[in-house]
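K.L.:
Please find one structure pasted underneath; my questions will follow.
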Amino acid sequence: QVQLQESGPGLVKPSQTLSLTCTVSGGSISSGRYYWSWIRQPAGKGLEWIGRMYTSGNTNYNPSLKSRVTISVDASMTQFSLRLNSVTAADTAVYYCAREICSRGSCYFGRYFDLWGRGTLVTVSS
Amino acid sequence: QSVLTQPPSVSGAPGQRVTISCTGSSSNIGAGNDVHWYQHLPGTAPKLLIHGNNNRPSGVPDRFSGSKSATSASLAIAGLQADDEADYYCLSYDNSLSGAVFGGGTKLTVL
């Protein structure tokens, strides 16, 4: 059974870079059926999609974060990572990694997240 | 402000039926993209309730149902139970953003 697990520092100073890793156990990122995404939830707020990557290395990012975000895959193809530059207090949130799949077997109908990690809290504070 | 609009809260007594709406636009739901629904409890991963507008994953009770029309969608929960109390989010794909968009979330209170 495939599971996702986020890991990384729980505290980041303002203006520095937030770095998180998602470990895929019981499976591989190389499966062409899926995309691999990061999502976050600030305290008291809703869910926000950050961005995704595909096995080819192609990426898409939320336009509101695009200038600061990088999502990449590890050479082992069992981990993918998130880097968010120049963080502020507004970036304090629970960060989730998730597996994304095409709806009804075709991306023509859009996509959804069928598997999530449990999330990790990242606080931006000096 | 979220791209998809949900009511901030709904409530109902045990055994009752409630619905949660999700309103989008011509670049997401109205563009033919499916709507999906999640149940979220604090400190846990969101749980997929409905995918592809009206499909339940294995293990999700048939008390949960989804529908979609034009630029909006709804989640219905019948026979409310105390453990249904949670936050509920809709999700779709936005062609303009080339990415996922969520509703702002609806807090369900079981009275």
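Chains A and B are the protein sequences, given in the same order.
Start counting at 1 in the first sequence, then tack on 317, and there's your number in my numbering.
Start counting at 1 in the second sequence, then tack on 10, and there's your number in my numbering.
No residue lacks a Cβ here, since even glycine has one placed at the ideal position from N, Cα and C.
Here the structure is a predicted model, which is why all the values come from computation and not from measurement.
Reducing DSSP to helix, strand and coil, say where B:Asp104 ends up.
P.N.:
strand
K.L.:
On a CA-only basis, which of A:Val404, A:Gly344, A:Arg428, A:Thr440 is nearest B:Val45? Give me that one, please.
P.N.:
With distances taken between Cα atoms, B:Val45 lies closest to A:Arg428.
K.L.:
When we look at the beta-carbon of B:Tyr103 and count the other beta-carbons within 10 Å, is it buried (16 or more) or exposed?
P.N.:
Around the CB of B:Tyr103, 16 or more other CB atoms lie within 10 Å, so the residue is classed as buried.
K.L.:
In chain order, what residues of the same chain have a beta carbon less than 8 Å from the beta carbon of B:Asn105, not counting five sequence neighbours either side?
P.N.:
Ser37, Asn38, Ala41, Asn43
K.L.:
Less than 8 Å between the CB atoms is what I'm expecting for B:Phe112 and B:Ser12, so what's the real figure, rounded?
P.N.:
6 Å
K.L.:
What is the DSSP secondary structure of B:Gly40, reduced to helix, strand or coil?
P.N.:
helix
K.L.:
Going by DSSP, what residue range makes up the beta strand (DSSP E) through A:Met370?
P.N.:
365-370
K.L.:
Rounding to the nearest angstrom, what Cα-Cα distance links A:Leu399 and A:Val390 in this structure?
P.N.:
One C-alpha to the other measures close to 9 Å.
K.L.:
What does B:Cys32 pair with, by DSSP beta-bridge criteria?
P.N.:
Within the DSSP secondary-structure output, B:Cys32 pairs in a beta bridge with B:Ala83.
K.L.:
Based on the DSSP output, what are the partners of B:Lys57 in its beta bridges?
P.N.:
B:Gln49
K.L.:
With a threshold of 16 other CB atoms inside 10 Å of the CB of A:Gly349, please say whether the residue is buried or exposed.
P.N.:
exposed
K.L.:
On the CB-based measure, 16 or more other CB atoms within 10 Å of its CB, does A:Arg416 come out buried or exposed?
P.N.:
buried
K.L.:
Taking only the alpha-carbon atoms, compute the straight-line gap between A:Ser420 and B:Gly62 and give it to the nearest angstrom.
P.N.:
6 Å
K.L.:
Are A:Val439 and A:Lys330 touching if we call contact CB-CB under 9 Å?
P.N.:
no
K.L.:
Would the stretch 367-378 of chain A count as touching the stretch 403-410 of chain A if we require 3 or more Cβ pairs under 8 Å?
P.N.:
no
K.L.:
Since A:Gly434 meets chain B, which of its residues come closer than 7 Å, beta carbon to beta carbon?
P.N.:
Ala55
K.L.:
Based on DSSP bridge pairs, tell me the residues matched to A:Ile356.
P.N.:
A:Trp366, A:Tyr413
K.L.:
According to DSSP, is A:Ser345 part of a helix, a strand, or is it coil?
P.N.:
coil
K.L.:
Who are the Cβ neighbours of B:Arg27 in its own chain at under 8 Å, not counting the five residues just before and after it?
P.N.:
So the list reads Ala86, Ile87, Ala88, Gly89, Leu90, once near-sequence residues are dropped.
K.L.:
Would you kindly report the start and end of the unbroken beta strand (DSSP E) that includes A:Thr334?
P.N.:
Annotation: A:Thr334 is outside any beta strand (DSSP E) and is labelled neither H nor E by DSSP.
K.L.:
Among the residues of its own chain, which have a CB less than 6 Å from the CB of A:Gln358, if the five just before and after it don't count?
P.N.:
Leu364, Ala410, Val411
K.L.:
What did DSSP end up calling A:Ser384 once you bin it into helix, strand or coil?
P.N.:
helix
K.L.:
When Cβ atoms are compared, which residues of the stretch 406-438 of chain A fall closer than 8 Å to chain B?
P.N.:
Tyr413, Glu417, Ser420, Arg421, Tyr425, Phe426, Gly427, Arg428, Tyr429, Phe430, Asp431, Trp433, Gly434, Arg435, Gly436
K.L.:
DSSP beta-bridge partners for A:Gln322?
P.N.:
A:Thr340
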